[in-house]
Amino acid sequence: MSASAARPSDVLPGLGRKIGSLRQERRWALITAYISLVVAAIVMLAPPFYMLITSLKTSAEISNPVGTPWIVRDPTLANYTALISDPMFRGFFWNSIIVTVLVVAVTMVISVLAAFALARMKFFGSQVLATGVFLTYLVPDTLLFIPLYQIVGGLDLLNSKWGLVLVYPTLSVPFCTWIMIGYFASIPKELDEAALIDGANWMQMLTKIFIPVALPGIIAATIFAFTVSWAAFVYPTAFITRPDEMPLTIGVVSQLIRGDTFAWGQLMAGALLAAMPPVIVYAFLMDYYIAGLTAGATKG
Amino acid sequence: MAQVNIKKVVKEYEGGVQAVKGIDLDIGDKEFVVLVGPSGCGKSTTLRMIAGLEEITSGAIEIDGNIVNDVPPRDRDIAMVFQNYALYPHMSVYDNMAFGLMLRKFPREEIRRRVENAARILDIGPLLERKPKALSGGQRQRVAMGRAIVRDPKVFLFDEPLSNLDAKLRVQMRTEIKKVHQTVKTTTVYVTHDQVEAMTLADRVVVMNHGIIEQVGPPQVLYHSPATKFVAGFIGSPAMNFIPARLEQASGALNVRLSDGALLPVPADRTARYAGHAGREVLFGIRPEHLTAASQMEARPGLAPLSLTPEVVEPLGAETLFYCWRDGGEICAKIDPGVAAAPGVPLAMTADMNRMHIIDPATDKVL
Ligand SMILES: Nc1ncnc2c1ncn2[C@@H]1O[C@H](COP(=O)(O)OP(=O)(O)OP(=O)(O)O)[C@@H](O)[C@H]1O
Ligand SMILES: [Mg+2]
Numbered sequence: 000m001s002a003s004a005a006r007p008s009d010v011l012p013g014l015g016r017k018i019g020s021l022r023q024e025r026r027w028a029l030i031t032a033y034i035s036l037v038v039a040a041i042v043m044l045a046p047p048f049y050m051l052i053t054s055l056k057t058s059a060e061i062s063n064p065v066g067t068p069w070i071v072r073d074p075t076l077a078n079y080t081a082l083i084s085d086p087m088f089r090g091f092f093w094n095s096i097i098v099t100v101l102v103v104a105v106t107m108v109i110s111v112l113a114a115f116a117l118a119r120m121k122f123f124g125s126q127v128l129a130t131g132v133f134l135t136y137l138v139p140d141t142l143l144f145i146p147l148y149q150i151v152g153g154l155d156l157l158n159s160k161w162g163l164v165l166v167y168p169t170l171s172v173p174f175c176t177w178i179m180i181g182y183f184a185s186i187p188k189e190l191d192e193a194a195l196i197d198g199a200n201w202m203q204m205l206t207k208i209f210i211p212v213a214l215p216g217i218i219a220a221t222i223f224a225f226t227v228s229w230a231a232f233v234y235p236t237a238f239i240t241r242p243d244e245m246p247l248t249i250g251v252v253s254q255l256i257r258g259d260t261f262a263w264g265q266l267m268a269g270a271l272l273a274a275m276p277p278v279i280v281y282a283f284l285m286d287y288y289i290a291g292l293t294a295g296a297t298k299g
Numbered sequence: 000m001a002q003v004n005i006k007k008v009v010k011e012y013e014g015g016v017q018a019v020k021g022i023d024l025d026i027g028d029k030e031f032v033v034l035v036g037p038s039g040c041g042k043s044t045t046l047r048m049i050a051g052l053e054e055i056t057s058g059a060i061e062i063d064g065n066i067v068n069d070v071p072p073r074d075r076d077i078a079m080v081f082q083n084y085a086l087y088p089h090m091s092v093y094d095n096m097a098f099g100l101m102l103r104k105f106p107r108e109e110i111r112r113r114v115e116n117a118a119r120i121l122d123i124g125p126l127l128e129r130k131p132k133a134l135s136g137g138q139r140q141r142v143a144m145g146r147a148i149v150r151d152p153k154v155f156l157f158d159e160p161l162s163n164l165d166a167k168l169r170v171q172m173r174t175e176i177k178k179v180h181q182t183v184k185t186t187t188v189y190v191t192h193d194q195v196e197a198m199t200l201a202d203r204v205v206v207m208n209h210g211i212i213e214q215v216g217p218p219q220v221l222y223h224s225p226a227t228k229f230v231a232g233f234i235g236s237p238a239m240n241f242i243p244a245r246l247e248q249a250s251g252a253l254n255v256r257l258s259d260g261a262l263l264p265v266p267a268d269r270t271a272r273y274a275g276h277a278g279r280e281v282l283f284g285i286r287p288e289h290l291t292a293a294s295q296m297e298a299r300p301g302l303a304p305l306s307l308t309p310e311v312v313e314p315l316g317a318e319t320l321f322y323c324w325r326d327g328g329e330i331c332a333k334i335d336p337g338v339a340a341a342p343g344v345p346l347a348m349t350a351d352m353n354r355m356h357i358i359d360p361a362t363d364k365v366l
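Below is the structure:
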């Protein structure tokens, strides 16, 4: 672009054209990339942004749109304070947190143990089992909720968050197990043999070697289990009708929409508040995840 | 400090593959034994059975006089160094070495003392805080050895520990391993497919082939008196030449008759040994270093003249190798670099008949 960059083409016109065209190709690639990324970002971020805008408006402003709806004329935090001071909404939040923490814990314990057994202890049928575990993940929850309804009902756990703690792992365990099998299988066999000779038993091998070495996989699986549980919609819709047992996802829509009256401002504020924990978890774990991946790669 | 006794040990993998076909081997206290042989001959399997990583199909393995067939690896008091080092990637060098001791609940101070002692022996003191990722191949190899040394086990087991290193480092680490053994004097079983490694390290070399032991002996014995054609060809580089020939008796003397008519007299002290095979087809085995140019040798008893025509000449600096082909086989000879050798020009050579071997082609035994 500068004078010095243009000089080779004066001396060697053929070569110069080549370099120039390469550079131009690079530029086009960059421009295309930027444009598509910007478009994607706008498409992705427009809904949350619109939610934010709406959550800051009064009901009067929402129901009486004048001019563009993309700006707030009269910003207010009333929707947030109303929700936060509402014990029912706080109840939804608590229910989601309790269910999610338990589901993540149960899922990780089961899937790490299962993956360790399936990846390392060769026993009759372990290969078939590993495939079977993955196949169960392919059955959609919209198909499963009817039989599960009967099971949960039989256990007398309908209308209870404990029922959710029971059924969410049916979605999260197979996938997490499958992720962990992949990670564990990539750990060289000699590592367990070295640990065996060093005196480790199976449990120590798992806790002191496999879990630390497969930490990136464990974090990926944790994020997945967290997402499944936090964002679950079909199961709680089917199994929970009592407001005090509802998690956020259905609590917000069922309690803030009464008949045809949509409390849009509160709905949006509720949805944004509900989206905060995943954002925080992702931000925190992602850093850790990347730190784990690159640890020691550049040091020394 | 312990001895290892292997008694009629067989290993059959599922699927019926017999990797080890009933071997007997007694390894003495403080001895450095090297298992050597071509790929797939069952060396690693044997080592892993001693370690307890592989079950024994039949037979018995004793460590220190106790049968360990059903003893898990952690209770056999052995340490193993793997080909790919198998260092724990998330632990520092210090923790890698301390791990086995921590699991065995050694006191903190004792662990520190042992790790620092091993680090001093192996010269890795400054690396103790690093992670394995930040180490070179040779350094990782040392850490893997350190992990074995700190345990002060009854037996060291090495499975091709040097094969991931480049040639120069391999030679250096080879000396290092020998030095460590001379310092700690632990009974050692070492697996390699490199016969030079075997010859330089071993008190005794065990040559394996197809799941059996061909011969056990000190390196010099294997070199000078191989028991089978396989050992004769495996030990020594370049490999021994095997030339089809006939043993002929003429007026009380024995001769080796080559197919082109050349007659090589068998030394008098060996005639009795071969007398029973007179008139039979045999393989005449002679190492390249015992086929030398006539001009570089002083005449002495046992040297037989022979004319060879080099076809490919390889000057290596300190010596010159040449190859020729006859009777469908290749013959390699090692001559003084001062001797002029050119492809296609017949060269007057001598065969040192004191160092030759006669092999029975039916049994592949050295007679
Ligand atoms: N887990 C296994 N299942 C079935 N066969 C096996 C198994 N492990 C090894 N073998 C077979 O047993 C034989 C001996 O294997 P082993 O690993 O002991 O050879 P090796 O002498 O160590 O060879 P290399 O120098 O290539 O390491 C081989 O034919 C191999 O294919
Ligand atoms: Mg091997």
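Chains as they are written, first to last, in numbering that gives the first Met the number 0: chain V, 0 to 299; chain R, 0 to 366. Glycine included, each C-beta is placed from N, C-alpha and C at the ideal position.
#### Entry: beta-carbon E297 of chain R near ligand 2 non-hydrogen atom, thresh 7 angstroms
Counted from its first residue, the second sequence places residue 297 of chain R at position 298. For ligand 2, not one heavy atom lies less than 7 angstroms from the Cβ of E297 of chain R.
### Task
Label S125 of chain V either buried or exposed according to how many other C-beta atoms from any shown protein chain fall within 10 Å of its C-beta, with 16 as the threshold for buried.
As a working note, residue 125 of chain V is residue 126 in the first sequence. Exposed.
#### Entry: Opening and closing residue of the beta strand (DSSP E) in which R75 of chain R lies
Position 76 of the second sequence holds residue 75 of chain R. Looking at the DSSP string, R75 of chain R is not in any beta strand (DSSP E), and its letter there is neither H nor E.
### Query
Which same chain residues, not among the five before or five after M204 of chain V, have their C-beta less than 8 angstroms away from its C-beta?
Translated into the one-based positions of the first sequence, residue 204 of chain V becomes position 205. Taken in chain order, the residues that qualify are D191, A194, L195.
#### Entry: Beta carbon proximity, Y189 of chain R to chain A, threshold 8 angstroms
Absence of chain A from the displayed structure is noted, the protein chains being V and R.
### Query
Would you call T191 of chain R buried or exposed, if buried means 16 or more other Cβ atoms sit within 10 Å of its Cβ?
Locating residue 191 of chain R in the second sequence gives position 192, counting from the first residue. Answer is buried; the Cβ neighbour count reaches 16.
### Task
Sort V:L134, V:Q265, V:E24, V:T176 by Cα distance to L51 of chain V and report the nearest one.
Translated into the one-based positions of the first sequence, residue 51 of chain V becomes position 52. The residue with the shortest Cα to Cα distance from L51 of chain V is V:Q265.
#### Entry: Residues surrounding ligand 1 [beta-carbon distance to nearest heavy atom under 5 angstroms]
R:Y12, R:V16, R:A18, R:S38, R:G39, R:C40, R:G41, R:K42, R:S43, R:T44, R:H192
### Task
Answer yes or no: the CB of V80 of chain R versus the heavy atoms of ligand 2, is any distance below 7 angstroms?
Here residue 80 of chain R is taken as the residue at index 81 of the second sequence, counted from 1. No, the Cβ of V80 of chain R stays beyond 7 angstroms of every heavy atom of ligand 2.
#### Entry: Under the three-state DSSP convention, the category P131 of chain R falls into
Taking the first residue of the second sequence as 1, we reach residue 131 of chain R at position 132. If DSSP states are grouped into helix, strand and coil, P131 of chain R belongs with the helices.
### Message
Closest to G337 of chain R by C-alpha separation, out of R:L315, R:E329, R:G327, R:I55, would be which residue?
### Response
The count along the second sequence starts at 1 and reaches residue 337 of chain R at position 338. Ranking R:L315, R:E329, R:G327, R:I55 by Cα distance to G337 of chain R puts R:L315 first.
### Query
By the 10 Å Cβ neighbour count, where 16 or more other Cβ atoms means buried, how is N254 of chain R classified, buried or exposed?
Within the second sequence, numbered from 1, the residue matching residue 254 of chain R stands at position 255. Per the 10 Å Cβ criterion, buried.
### Query
Hey, is R256 of chain R's beta-carbon within less than 8 angstroms of any beta-carbon in chain V?
Walking along the second sequence from the start, residue 256 of chain R turns up at place 257. Cβ-Cβ to chain V under 8 angstroms: no for R256 of chain R.
### Whether Y136 of chain V touches W201 of chain V by CB criterion (8 angstroms)
Residue numbering aside, residue 136 of chain V sits at position 137 when the first sequence is read from its first letter. Residue numbering aside, residue 201 of chain V sits at position 202 when the first sequence is read from its first letter. Contact: no.
### Query
Heavy atom of ligand 2 less than 7 angstroms from the Cβ of V190 of chain R, yes or no?
Along the second sequence, read from residue 1 onward, the residue named residue 190 of chain R stands at position 191. Checking the Cβ of V190 of chain R against ligand 2 gives yes.
#### Entry: Identity of the residue in R:E159, R:R245, R:P106 nearest Q194 of chain R by Cα
Stepping through the second sequence from its first residue, residue 194 of chain R is reached at position 195. Nearest option by C-alpha distance: R:E159.
### Query
On the three-state DSSP scale, how would you describe V10 of chain V?
Locating residue 10 of chain V in the first sequence gives position 11, counting from the first residue. Note that V10 of chain V has pLDDT 48, beneath the 50 cutoff, so the model's placement of it is unreliable and no number is given.
### Query
By Cβ distance, which residues of its chain are closer than 8 angstroms to K160 of chain V, with the 5 residues on each side in sequence left out?
Numbered from 1 along the first sequence, position 161 holds the residue referred to as residue 160 of chain V. N94, I97, V98, I239, E244, P246, listed in sequence order.
#### Entry: Those residues which DSSP pairs with T186 of chain R across a bridge
Stepping through the second sequence from its first residue, residue 186 of chain R is reached at position 187. Looking at the DSSP assignment, T186 of chain R forms a beta bridge with R:V154.
### Message
Between the alpha carbons of F155 of chain R and R325 of chain R, how many angstroms are there, rounded?
### Response
Translated into the one-based positions of the second sequence, residue 155 of chain R becomes position 156. Translated into the one-based positions of the second sequence, residue 325 of chain R becomes position 326. Answer to the nearest angstrom: the Cα atoms are 46 angstroms apart.
### Message
With a threshold of 6 angstroms on Cβ separation, who are the neighbours of M198 of chain R within its own chain once the five nearest residues in sequence on each side are excluded?
### Response
Indexing the second sequence from 1 puts residue 198 of chain R at position 199. These residues qualify, in order along the chain: P218.
### Query
Span of the alpha helix (DSSP H) holding D94 of chain R?
To locate residue 94 of chain R, count along the second sequence from 1; it is residue 95. Taken as a continuous stretch (DSSP letters only), the alpha helix (DSSP H) holding D94 of chain R covers 92-102.
### Task
Would you check if the distance between the CB atom of G210 of chain R and the CB atom of C40 of chain R is smaller than 8 angstroms?
Working through the second sequence from its first residue, we reach residue 210 of chain R at position 211. Working through the second sequence from its first residue, we reach residue 40 of chain R at position 41. Contact: yes.
### Query
Can you find a CB in chain R that lies within less than 8 angstroms of the CB of G198 of chain V?
Start at 1 with the first residue of the first sequence, and residue 198 of chain V comes out as number 199. G198 of chain V counts as touching chain R.
### Host alpha helix (DSSP H) of G27 of chain R (start-end)
Residue mapping note: residue 27 of chain R aligns to position 28 of the second sequence, counting from 1. Element bounds for G27 of chain R: n/a, residue is neither H nor E.
### Any non-hydrogen atom of ligand 2 within 7 angstroms of E159 of chain R CB
As a working mapping, residue 159 of chain R is identified with position 160 in the second sequence. Yes; taking the cut-off as 7 angstroms, the Cβ of E159 of chain R has a heavy atom of ligand 2 nearer than that.
### Task
Kindly indicate which three-state DSSP category H276 of chain R falls into: helix, strand or coil?
Indexing the second sequence from 1 puts residue 276 of chain R at position 277. Three-state result, H276 of chain R: helix.
### Query
Is the number of C-beta pairs between the stretch 346-357 of chain R and the stretch 262-280 of chain R that are closer than 8 angstroms three or more?
yes
#### Entry: Closest residue to L284 of chain V among V:P168, V:I222, V:L76, V:L21 (Cα-Cα distance)
As a working note, residue 284 of chain V is residue 285 in the first sequence. When only C-alpha atoms are compared, the closest one is V:I222.
### Residues bridged to N158 of chain V [DSSP beta-bridge criterion]
As a first step, residue 158 of chain V must be located in the first sequence, where it is residue number 159. Per DSSP, none; premise fails for N158 of chain V.
### Query
Taking the Cβ atom as the reference point for each residue, do Q138 of chain R and L126 of chain R lie within a distance shorter than 8 angstroms?
Position 139 of the second sequence, counting from 1, holds the residue named residue 138 of chain R. Position 127 of the second sequence, counting from 1, holds the residue named residue 126 of chain R. Closer than 8 angstroms, so yes.
### Query
Considering L161 of chain R, what are the terminal residues of the alpha helix (DSSP H) in which it resides?
Along the second sequence, read from residue 1 onward, the residue named residue 161 of chain R stands at position 162. Careful: L161 of chain R lies outside any alpha helix (DSSP H) and carries neither H nor E.
### Query
Candidates R:S135, R:V311, R:N83: which alpha carbon is nearest A341 of chain R's?
One-based indexing of the second sequence puts residue 341 of chain R at position 342. Ranking R:S135, R:V311, R:N83 by CA distance to the CA of A341 of chain R puts R:V311 first.
### Task
Flag this pair as yes or no: are the beta carbons of V188 of chain R and L52 of chain R separated by less than 8 angstroms?
Numbered from 1 along the second sequence, position 189 holds the residue referred to as residue 188 of chain R. Numbered from 1 along the second sequence, position 53 holds the residue referred to as residue 52 of chain R. No, they are not a contact pair.
### Query
In or out: Q171 of chain R buried (at least 16 other Cβ within 10 Å) or exposed?
For the purposes of this step, residue 171 of chain R is taken as the residue at position 172 of the second sequence. Flag for Q171 of chain R reads exposed.
#### Entry: Inter-residue Cα distance where the pair is S8 of chain V and Q82 of chain R
As a first step, residue 8 of chain V is located in the first sequence; it is residue number 9 there, counting from the start. As a first step, residue 82 of chain R is located in the second sequence; it is residue number 83 there, counting from the start. Since pLDDT at S8 of chain V reaches only 44, below the 50 mark, its modelled position is unreliable, and the value read off the structure follows with that caveat. For S8 of chain V and Q82 of chain R, the gap between their C-alpha atoms comes out near 55 angstroms.
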